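The sequence shown begins at 1 in UniProt numbering and counts up by one. Worksheet: one structure, shown below.
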Amino acid sequence: IFFRVLSSGAMMAASNAETTAAAEQASDPDIVEELQALRLGAPPSPASSARPPPLRVALRIVNNAHAPTEGSVWLLEEVGAAQVHAMTHAFYKKAFADPHLTRFFRDKTDPHAERLANWIVEKMGGGSPWTSERRTRPQKVVALAGGHKHVVHDRSSAHVAAWYAPAREPEKVGQHFQLDDSRVWMRLMFWAAREAGLLRHPHFADWYVRFIGHFVRVYERKAPAFARESMRWSEEAARPAAYEAAGRRMPDVVGVTPTEALKQLPPEERHDGAWPYEL
1 IFFRVLSSGA MMAASNAETT AAAEQASDPD IVEELQALRL GAPPSPASSA
51 RPPPLRVALR IVNNAHAPTE GSVWLLEEVG AAQVHAMTHA FYKKAFADPH
101 LTRFFRDKTD PHAERLANWI VEKMGGGSPW TSERRTRPQK VVALAGGHKH
151 VVHDRSSAHV AAWYAPAREP EKVGQHFQLD DSRVWMRLMF WAAREAGLLR
201 HPHFADWYVR FIGHFVRVYE RKAPAFARES MRWSEEAARP AAYEAAGRRM
251 PDVVGVTPTE ALKQLPPEER HDGAWPYEL
């Protein structure tokens, strides 16, 4: 639900951009599946696995949408939902402090960390905490930049709210997520996962980087190739320390063109069309 108060010329330009964005969001298979779960109820999760750990937890994609597996349920039991929540709380603390990402947030008092953790847990097969919360979430109209009014009720509408966040630079209001936005987001996410101890679990680290690689494509289609680099970024404490010392800025990411950014990746990761779907 999106209301606007704009001049006729700006309204036409914004309308075209919003129509394109809405079409892209509406056709995303994962978002379509999440809407169906809200309407019909979430499908049952795979049974808990008591068998030995798999050699590798598969990233299961059905009709281009993610689906949990016995392996992802086992993985959730191994690491614990509490650690997933610890990761998302650490992530939002970092995101709110980052001068680039903080502009995307309209209200930092919203339960962002709880919602993201519930979404991850549900995707892993841990019941339907995210879908259940959405059913009772208040459908309130919020004010955005440029006189826009908006109701945030799912992932796609949350993305639109971020594009039109009041704190964004005037020339960027309404602009979709770019590659640099996605890379900063992923680096901070994997750093938070590392701090929460989740990346010490090799099965989780291997699965989670592929999981993020799948879902980040709805932000920016070039972003999946950078998921592995984003996870490696925090392997050495010196890099996050340098980031903090520089005022929490990433000059090697922000403002870098996609062409130049690709040169930062190992050759084998630059145009790996199979990843993260090789299983």
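Glycine included, C-beta positions come from ideal geometry on N, C-alpha and C. No experiment lies behind these values; they were computed from the predicted model shown.
Distances from the CA of G273 to each of K222, P240, E122 were compared; the closest alpha carbon is that of K222. Taken in chain order, the whole alpha helix (DSSP H) runs of length 4 or more contained in the segment 133-167 are 155-163.
Beta-bridge analysis with DSSP links A65 to V62. In the DSSP assignment, D206 falls within the unbroken alpha helix (DSSP H) covering 202-215.
Out of S72, A65, H100, the CA that lies nearest to the CA of W185 is found in H100.
By the CB criterion at 8 Å, A205 and V216 fall outside the cutoff. With contacts defined as CB atoms closer than 8 Å, A113 and H89 qualify as a contacting pair. At a cut-off of 3 residues, not a single continuous stretch assigned as beta strand (DSSP E) sits fully inside the segment 204-278. Taking all protein chains shown into account, P224 has 16 or more neighbouring C-beta atoms within 10 Å of its C-beta and is therefore buried. DSSP, read as helix, strand or coil, puts P111 in coil.
Per DSSP, reduced to three states, the secondary structure at E195 is helical.
For K172, there is no enclosing alpha helix (DSSP H), since its DSSP letter is neither H nor E. Nearest to E171 by alpha-carbon distance, out of S156, H150, V151, A145, is A145.
With distances taken between CA atoms, L59 lies nearest to R210 out of P267, P251, R210. Excluding the 5 residues flanking it on each side, L199 has same chain C-beta neighbours closer than 6 Å at A193, A205, in chain order. Taking V121 as reference, the option from P138, E77, V160 with the minimal CA-CA separation is E77.
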